[in-house]
Every structure is written in structure tokens, then in C-alpha cells.
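In our numbering, the protein residues as written are 127 to 276. We put the beta carbon where it would ideally sit given N, CA and C, even for glycine. Nothing here was measured: the structure is a model prediction, and the numbers come from that model.
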Ligand code: HEM
């Protein structure tokens, strides 16, 4: 059965193209924000530089991360219903990893609020390590959705 016969009909490929485009925007924010936290970590609390990072970080969250994540989920779920992905092993694994990425974004929001309150709960080294999570998860998701190993 071709994927063009789902409820999306001929719009299926346009929706998939938009899905992948907003995935790129979302990942850009998920790669950028933790990097900002690494640099912010090294600024004195209350300094003009500290306030500048707080402003930059809140813009990344409100202008890039949250809108892109919502669009990725909406278009992704539309695709899932269109191709009936629910019974496919690759999709269950992919969905679990995407929920992990969504949880990671939640953590970024909480940690950003702590930085804005002048707290520096983690070491800069730990923040740098946490920064690697989206890259590893993305590589696995792309293999799952394109290679479909199971
Ligand atoms: C947020 C929840 C998500 C859902 C529900 C979802 C669901 C889907 C579905 C059902 C497809 C279509 C598969 C097909 O055409 O047979 C798809 C395509 C794709 N998704 Fe997602 N996705 C999500 C997030 C992501 C994320 C976070 C990434 C990357 C990190 C991603 C990368 C891709 C890619 C590269 C394709 C195109 C694959 C192809 O052309 O065969 N998706 N997605």
C-alpha cells in the first residue's frame, strides 16, 4: 500500500518535508542552548554578561525550541497515523527516543531558570557532557527512521 493513500493523500510528502525541516530547527535549538549554558556558567552572577545570557537563552527557548518541538510532534503524529507506523518496531523505538529529547528540553528549561536565579548547580564539565546528548540521540533516530533495522 503506498503512503499516498493515507488520510494525507498527496500532501503526505509535503508534510514529511515540513516534518524534517522543523526537526532541523528543533535540533538547532537543542544544540545551541546547552552551548549557551556552558558560556553562561563562566560569567559572574549579576554581571551585565550574566543578564545578556539570560535574555539570549529565554529567546532561544520561546522563539526556536518550543514552537519547533510542537510542530515536529504535530506533523510527526500526522505522519504516524498516515502510514500507520504504530505497529512498526522502528517507530516505537524512535518515539521513545523523541520522548527522551522532549524530556531533555524540559530539563533545559528548568536548568535555565536556575541559571537565571544566579545558581550554578552543575560543574561546567558536567554541562559540557550533557551537551552531547542530543547529538547521540539524533544519530540513532535517523538510523531508525531511514534504515528501519527492525
Ligand atoms: C516528535 C515525534 C515524532 C514523530 C511522531 C515522528 C514520526 C515520523 C513518521 C511517522 C515519519 C514518516 C515515516 C514514513 O514516511 O514512512 C517520520 C519521518 C521522519 N522523521 Fe520523524 N517523527 C518524530 C520526530 C522526529 C525527530 C525528533 C527526528 C530526528 C531527530 C525525526 C526524523 C525523521 C526523518 C529523517 C524522517 C524521514 C524518513 C524518510 O523519509 O523515510 N522525526 N517521522
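Check: residue i C-beta below 7 angstroms from any heavy atom of the ligand HEM
i: residue 280; result: Only positions 127 to 276 of the chain appear in this structure, which leaves residue 280 out of reach.
i: residue 199; result: yes
i: residue 191; result: no
i: residue 318; result: Since the first and last residues shown for the chain are 127 and 276, residue 318 lies out of range.
i: residue 151; result: no
i: residue 167; result: no
i: residue 147; result: no
i: residue 272; result: yes
i: residue 217; result: yes
i: residue 206; result: yes
Own chain residues within Cβ distance below 7 angstroms of residue i, not counting five before or after
i: residue 145; result: 198, 201, 202 and 205
i: residue 271; result: 216 and 220
Which listed residue (the options) has its alpha carbon closest to that of residue i
i: residue 187; options: 240, 159, 149 and 214; result: 159
i: residue 244; options: 151, 130 and 167; result: 167
i: residue 194; options: 162, 231, 130 and 163; result: 231
i: residue 258; options: 142, 177 and 153; result: 153
i: residue 222; options: 137, 141, 176 and 263; result: 263
i: residue 132; options: 207, 191 and 148; result: 207
Proximal residues to residue i (C-beta, below 6 angstroms), its chain only, five neighbours per side dropped
i: residue 156; result: 260
i: residue 267; result: 220 and 223
i: residue 180; result: 242
Same chain, Cβ closer than 8 angstroms to residue i, five either side skipped, listed in chain order
i: residue 183; result: 159, 162, 163, 166, 238, 241 and 242
i: residue 269; result: 275
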